[in-house]
Structures are given as C-alpha cells and as structure tokens.
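Novice: Residue numbers (this note's numbering): 31 to 167. I am attaching a structure below and will ask some questions about it afterwards.
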C-alpha cells in the first residue's frame with residue numbers, strides 16, 4: 031500500500047497514541063498523553079513524561095525512511111520550544127507492530143550521546159568541575 035499525506039498522518043497519529051499509551055502504562059502515569067498540535071512552535075508529540083521533575087519532550091516518527099539527523103534536530107528544537115532539558119526521538123521499527131505492549135516496547139529510542147549523558151547525570155554539568163580537556167581512553 032502506497033502512503034499518501036492522509037495515510038501518513040493517520041499512521042503517525044496511531045504511532046503517537048501507541049507510544050503515549052505504552053509510556054503511561056510502563057511508568058504508571060496516566061498524565062502521559064498525545065500533545066495537541068501547536069504549529070510552528072511545536073513542543074513534541076507526547077506530554078506528561080518527566081525525569082527528575084523536569085519535562086521530557088518526546089518526538090515520534092513513523093516514517094518509511096529514517097532521517098536520524100533531521101529527526102534528532104527536530105526533537106532538540108521542540109525541547110527548546112518547551113523549555114525542557116531532556117528530549118528523545120522514538121522511531122517506529124519497520125516490521126515491528128504495535129498491537130500489544132510487548133511489540134510497542136520494541137520501538138527505537140534515539141538521542142545524542144550528550145543528551146543520554148545529561149539524562150544519566152540528572153541534568154548536572156557534564157565532565158569534571160575543573161576545565162579539563164576531553165581525553166579518549
């Protein structure tokens with residue numbers, strides 16, 4: 031079946047709903063839901079996700095082609111629009127359905143290494159306190 035604009039929007043909406051439902055279930059937080067569209071100042075697709083009492087912007091993509099660089103940049107921009115320190119891109123995996131909790135949980139989460147380190151470091155400054163140059167070990 032060939033995608034047109036309407037079917038692509040429907041597939042995206044279904045994916046966003048599945049992701050929101052999964053996260054609400056997994057995190058036991060019914061405040062997590064799809065965000066309503068907000069035009070050029072978009073603030074992500076899912077609202078209500080928190081880490082250390084800070085908002086996490088979730089951008090969902092159900093695309094036939096993974097454009098990781100563009101989609102990561104979009105997620106980062108939307109986090110800025112929402113003044114959220116954390117963000118993640120959730121990409122639909124080709125060939126993996128969303129008919130149940132297990133398959134929905136197998137979708138991909140993408141973020142930069144820097145964003146992942148910030149998340150693990152609870153938003154604290156990365157690296158040593160003193161200005162030290164990054165060294166590869």
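Quick reminder that beta carbons are idealized off the backbone N, C-alpha and C, glycines included.
1. Does DSSP put residue 163 in a helix, a strand or coil?
2. Please look up how many angstroms separate the CB atoms of residue 108 and residue 72, rounded, as I've assumed it's under 8 Å.
3. Residue 47 by DSSP, collapsed to three states: which one?
4. May I have the straight-line CA-CA distance separating residue 106 from residue 32, to the nearest angstrom?
5. Counting beta carbon pairs with one atom in the stretch 92-107 and one in the stretch 52-69, are three or more of them shorter than 8 Å?
Specialist: According to the structure data:
1. Locating residue 163 in the chain shown gives position 133, where the first residue counts as 1. Three-state DSSP puts residue 163 in coil, outside helix and strand.
2. Translated into the one-based positions of the chain shown, residue 108 becomes position 78. Translated into the one-based positions of the chain shown, residue 72 becomes position 42. Contact holds; Cβ gap of about 5 Å.
3. Locating residue 47 in the chain shown gives position 17, counting from the first residue. Residue 47: helix per DSSP, three-state reduction.
4. Sequence index remark: in the chain shown, residue 106 carries index 76 (1-based). Sequence index remark: in the chain shown, residue 32 carries index 2 (1-based). Roughly 30 Å between the two C-alpha positions.
5. No, because fewer than three Cβ pairs between the stretch 52-69 and the stretch 92-107 fall closer than 8 Å, the two stretches do not touch.
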